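These protein sequences, in sequence, are chains A and B. Here the working numbering is used: the first residue of the first sequence is 22, the next is one more, and so on. Here the working numbering is used: the first residue of the second sequence is 22, the next is one more, and so on. Backbone N, C-alpha and C define an ideal beta-carbon position, used for all residues, glycine too. Model, not experiment: these values are computed from the prediction.
There are 2 protein chains.
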Amino acid sequence: MTISSRFAVAIHVLSLLELNKEGVNTSEYIADSVNTNPVVIRRILGMLNKAGLVQVRPGVAGSKLNRLVTEITLLDIYRAVQVVEEDALFSVHDKPNPHCPVGRNIQASIEPVFSAAQTAMEHTLELVKLSDIVDNIRTTEASCGSS
Amino acid sequence: MTISSRFAVAIHVLSLLELNKEGVNTSEYIADSVNTNPVVIRRILGMLNKAGLVQVRPGVAGSKLNRLVTEITLLDIYRAVQVVEEDALFSVHDKPNPHCPVGRNIQASIEPVFSAAQTAMEHTLELVKLSDIVDNIRTTEASCGSS
DNA sequence: GCTTGTGTAACTATTATAGTTACATTACGA
DNA sequence: TCGTAATGTAACTATAATAGTTACACAAGC
Chain A
22 MTISSRFAVA
32 IHVLSLLELN
42 KEGVNTSEYI
52 ADSVNTNPVV
62 IRRILGMLNK
72 AGLVQVRPGV
82 AGSKLNRLVT
92 EITLLDIYRA
102 VQVVEEDALF
112 SVHDKPNPHC
122 PVGRNIQASI
132 EPVFSAAQTA
142 MEHTLELVKL
152 SDIVDNIRTT
162 EASCGSS
Chain B
22 MTISSRFAVA
32 IHVLSLLELN
42 KEGVNTSEYI
52 ADSVNTNPVV
62 IRRILGMLNK
72 AGLVQVRPGV
82 AGSKLNRLVT
92 EITLLDIYRA
102 VQVVEEDALF
112 SVHDKPNPHC
122 PVGRNIQASI
132 EPVFSAAQTA
142 MEHTLELVKL
152 SDIVDNIRTT
162 EASCGSS
């Protein structure tokens with residue numbers, strides 16, 4: 022089981038918006054970079070828009086970042102595209118047998134651990150800013166170009 | 022998107038094996054506690070068996086833990102039931118456009134972050150032992166019983 | 001050898017994702 | 001103001017994973 026690629030695509034899209042901020046980034050143009058269908062991009066841009074990370078408007082070509090790249094963390098993006106619900110990375114079987122000591126206590130015993138594991142993962146994402154990704158792409162490109 | 026409940030069920034099963042170590046834990050008995058089908062339990066027991074966490078044998082009724090409860094971490098269980106492949110909690114869209122600076126660098130830029138986030142989550146699981154879960158169930162039961 | 005339980009294949013239903021077509025709606029420029 | 005171009009979104013498809021279920025082969029032990 023893997024997490025939706027919406028997250029990776031969203032990071033891709035936002036990086037592109039920053040690196041091509043002079044250009045007009047239509048969903049078709051972005052889709053070409055991601056190598057997918059423009060509608061997929063529009064769906065993700067819609068989610069990023071609702072989260073306040075980008076500016077997009079019906080009828081107006083192109084999207085733009087709505088915050089500084091240094092002010093967007095990967096956790097912001099992760100939450101925006103609803104990759105995982107609150108406390109729902111792990112799923113627990115419901116309706117264990119209440120007549121069994123294990124059955125009636127397992128959920129409460131497991132839940133704090135699952136929650137802590139998910140939080141640890143999300144905290145790692147919170148430490149990375151979109152600017153880190155963008156800078157990495159910029160420097161890789163620069164060193165490739167000079168070789 | 023949530024992680025397979027196989028993980029939670031596996032923890033349930035192993036806890037039950039410990040708490041009912043005097044009894045004969047057939048797949049049917051366990052299934053009754055989990056409230057599912059015995060075949061689901063056998064599938065999971067098969068995975069735990071391959072990982073060396075339990076003893077089960079064809080034809081012989083019941084399974085037993087193959088290690089001390091203090092010697093089994095939740096990470097061991099998580100790996101045993103193949104909840105998530107190595108470095109594959111997050112998925113990255115393949116085939117981004119190599120003619121685009123973002124497209125040809127995004128995967129390499131994202132991968133270390135995703136890997137770190139997954140590792141942070143798994144590390145949290147590694148810190149919790151099966152005995153912690155079992156003890157929690159035991160004490161909850163005891164305090165419930167006395168009230 | 002009969003009974004019981006495990007191992008596993010095969011099938012179903014359910015759910016999520018990703019891709020695609022189609023079309024309504026909006027903005028803007030000629 | 002009309003036409004073009006882009007976004008928003010519904011609807012449909014294909015694919016994949018999960019969980020549940022039936023069925024049956026195989027192993028062990030009385």
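message: Looking at chain B, is there any beta carbon in it that lies within less than 7 Å of the beta carbon of Ala-163 (chain A)?
response: In the first sequence, residue 163 (chain A) corresponds to position 142, counting from 1. Residue contact with chain B for Ala-163 (chain A): absent (no Cβ-Cβ distance below 7 Å to any residue of chain B).
message: Once DSSP output is grouped into helix, strand and coil, what is the label at Gln-44 (chain B)?
response: Taking the first residue of the second sequence as position 1, residue 44 (chain B) is located at position 23. Note on residue identity: the sequence assigns Gly, not Gln, to residue 44 (chain B). Of the three classes helix, strand and coil, the one that applies to Gly-44 (chain B) here is coil, per DSSP.
- prompt: Is the CB-CB distance between Val-123 (chain B) and Leu-40 (chain A) below 7 Å?
  reply: Walking along the second sequence from the start, residue 123 (chain B) turns up at place 102. Walking along the first sequence from the start, residue 40 (chain A) turns up at place 19. Taking 7 Å as the Cβ cut-off, Val-123 (chain B) and Leu-40 (chain A) qualify as a contacting pair.
query: My guess is that Ile-24 (chain B) and Phe-111 (chain A) are in contact by the Cβ rule of under 8 Å, so how many angstroms apart are they, rounded?
result: The residue given as residue 24 (chain B) occupies position 3 in the second sequence. The residue given as residue 111 (chain A) occupies position 90 in the first sequence. Indeed, because the Cβ distance is near 5 Å, the residues count as touching under 8 Å.
- prompt: Would you call the CB atoms of Ser-36 (chain A) and Val-155 (chain A) closer than 7 Å?
  reply: Indexing the first sequence from 1 puts residue 36 (chain A) at position 15. Indexing the first sequence from 1 puts residue 155 (chain A) at position 134. Yes, the Cβ-Cβ distance between Ser-36 (chain A) and Val-155 (chain A) is below 7 Å.
task: Could you give the DSSP three-state label for Gln-76 (chain A): helix, strand or coil?
output: For the purposes of this step, residue 76 (chain A) is taken as the residue at position 55 of the first sequence. Under the three-state reduction of DSSP output, Gln-76 (chain A) falls in the strand class.
- prompt: Can you name the residues of chain A whose CB is closer than 7 Å to the CB of Leu-95 (chain B)?
  reply: Mapped onto the second sequence, residue 95 (chain B) falls at position 74. Neighbours of Leu-95 (chain B) on chain A, chain order: Val-134.
- prompt: According to the Cβ coordinates, are Ile-62 (chain B) and Ser-48 (chain B) closer than 7 Å?
  reply: Taking the first residue of the second sequence as position 1, residue 62 (chain B) is located at position 41. Taking the first residue of the second sequence as position 1, residue 48 (chain B) is located at position 27. In this structure, Ser-48 (chain B) lies closer than 7 Å to Ile-62 (chain B) by Cβ.
query: Which residue spans inside the segment 49-117 of chain A form an unbroken beta strand (DSSP E) run of at least 3?
result: Unbroken beta strand (DSSP E) stretches of 3 residues or longer found wholly inside the segment 49-117 of chain A: 75-78, 81-86, given in chain order.
task: Work out the CA separation of Val-102 (chain A) and Asn-56 (chain B) for me, nearest whole Å.
output: In the second sequence, counting from the first residue as 1, residue 56 (chain B) sits at position 35. In the first sequence, counting from the first residue as 1, residue 102 (chain A) sits at position 81. Their backbone Cα atoms lie some 34 Å apart in a straight line.
query: Are the C-beta of Lys-85 (chain A) and some C-beta of chain B separated by less than 7 Å?
result: On the first sequence, position 64 is the one that residue 85 (chain A) refers to. Judged by the 7 Å Cβ criterion, Lys-85 (chain A) is not in contact with chain B.
message: When you compare the CB of Met-142 (chain B) with every CB in chain A, is at least one pair closer than 7 Å?
response: As a working mapping, residue 142 (chain B) is identified with position 121 in the second sequence. For Met-142 (chain B), the answer is yes, since a Cβ of chain A falls inside 7 Å of its Cβ.
- prompt: Whose Cβ in chain A lies nearer than 8 Å to the Cβ of Asp-53 (chain B)?
  reply: Taking the second sequence and counting its residues from 1, one reaches residue 53 (chain B) at position 32. The answer, in chain order, is Asn-118, Cys-121.
task: Could you say which of B:Asn-87, B:Val-81, B:Gly-80, B:Val-60 lies nearest to Lys-71 (chain B) if we only look at CA atoms?
output: Here residue 71 (chain B) refers to the residue found at position 50 of the second sequence. Checked all of B:Asn-87, B:Val-81, B:Gly-80, B:Val-60; the closest Cα to Lys-71 (chain B) is B:Asn-87.
- prompt: Going by the beta-carbon positions, is the gap between Ser-164 (chain A) and His-114 (chain B) smaller than 7 Å?
  reply: Start at 1 with the first residue of the first sequence, and residue 164 (chain A) comes out as number 143. Start at 1 with the first residue of the second sequence, and residue 114 (chain B) comes out as number 93. Against a cut-off of 7 Å, the Cβ pair of His-114 (chain B) and Ser-164 (chain A) comes out as no contact.
task: Could you tell me the distance, in whole angstroms, from the CA atom of Asn-46 (chain B) to the CA atom of Met-68 (chain B)?
output: As a position in the second sequence, residue 46 (chain B) is number 25, starting the count at 1. As a position in the second sequence, residue 68 (chain B) is number 47, starting the count at 1. Cα to Cα, the separation comes out at about 16 Å.
field: Per DSSP, cross-strand counterpart(s) of Ile-24 (chain A)
entry: Within the first sequence, residue 24 (chain A) is the residue found at index 3, counting from 1. Partner(s): B:Phe-111.
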